[in-house]
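Numbering (my numbering), first residue to last: 41 to 266.
A virtual CB, placed ideally from N, CA and C, is assigned to each residue, including glycine.
Treat the numbers as computed from the prediction; the structure is a model and nothing was measured.
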């Protein structure tokens, strides 16, 4: 499904946002409320007092007020849908750099999809059936394309309850993933489970990259939710 977006200007900068809040990507966050200028006499980090020469600057991620030296990092901030790099404080820039790895590297693999054998709720996988698992362009839903195989229900990113990475060597926590078990809330909030195993195909590396992308994306969302 194509996502309709529009360019809007806020006091923080230009943002490319969806025309409907319902279509907003689960990876995006709401723009923070800015701390009022008249409530801030000193930099939040170094304590320098603001005056005519020491100007106030708002971090576009947390909304707090800093001096120029403590808020001089200009980075892309896709989680807030900014078009251009924006000013951020030191702690926020560290978080943003980690998140940008997902947007710059892993999101593309997530959208491209991977090929897996699939079993639902601990049932045996259909013999010979393989599915292409993809994230939809609006970033909201994981779908299964299986040709003549038995259809597998899609589910939303926001419905995911838990992930379990299956490793080639279960004793090696840094090992190569061979699959993933996704637990999510289905119809009427019923807990469902789907197991994806990397299929023995020429695009095996792509499927492994898809698992890593799913894990990175959900981890980013969960960290934002506290």
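DSSP beta-bridge partners of residue i
| i | result |
| --- | --- |
| residue 238 | 156 |
| residue 127 | 114 |
| residue 98 | 105 |
| residue 232 | 224 |
| residue 54 | 49 |
| residue 144 | In the DSSP output, where bridge partners are listed per residue, residue 144 has none listed. |
| residue 89 | 82 |
| residue 219 | 206, 237 |
| residue 122 | 55 |
Rounded C-alpha distance that separates residue i from residue j
| i | j | result |
| --- | --- | --- |
| residue 95 | residue 116 | 23 Å |
| residue 161 | residue 196 | 17 Å |
| residue 59 | residue 209 | 46 Å |
| residue 286 | residue 120 | The question about residue 286 has no answer, for the chain in this structure spans 41 to 266. |
| residue 102 | residue 231 | 35 Å |
| residue 99 | residue 72 | 9 Å |
| residue 239 | residue 157 | 6 Å |
| residue 45 | residue 56 | 6 Å |
| residue 77 | residue 90 | 10 Å |
| residue 38 | residue 97 | Look at the range of the chain in this structure, 41 to 266, and you will see that residue 38 is not part of it. |
Residue i burial status per 10 Å Cβ neighbour count (16 or more: buried)
| i | result |
| --- | --- |
| residue 175 | buried |
| residue 173 | buried |
| residue 105 | buried |
| residue 260 | buried |
| residue 128 | buried |
| residue 159 | buried |
| residue 222 | buried |
| residue 92 | exposed |
| residue 47 | exposed |
| residue 86 | exposed |
Within-9 Å CB hit, residue i to chain D
| i | result |
| --- | --- |
| residue 122 | Absence of chain D from the displayed structure is noted, only one protein chain being present. |
Integer Cβ distance of residue i from residue j, believed to fall under 8 Å
| i | j | result |
| --- | --- | --- |
| residue 130 | residue 108 | With a Cβ gap of about 12 Å, residue 130 and residue 108 do not count as contacting. |
Ordered list of beta strand (DSSP E) runs contained in the segment 153 to 207, each at least 3 residues: 154 to 160, 171 to 175, 181 to 185, 200 to 207
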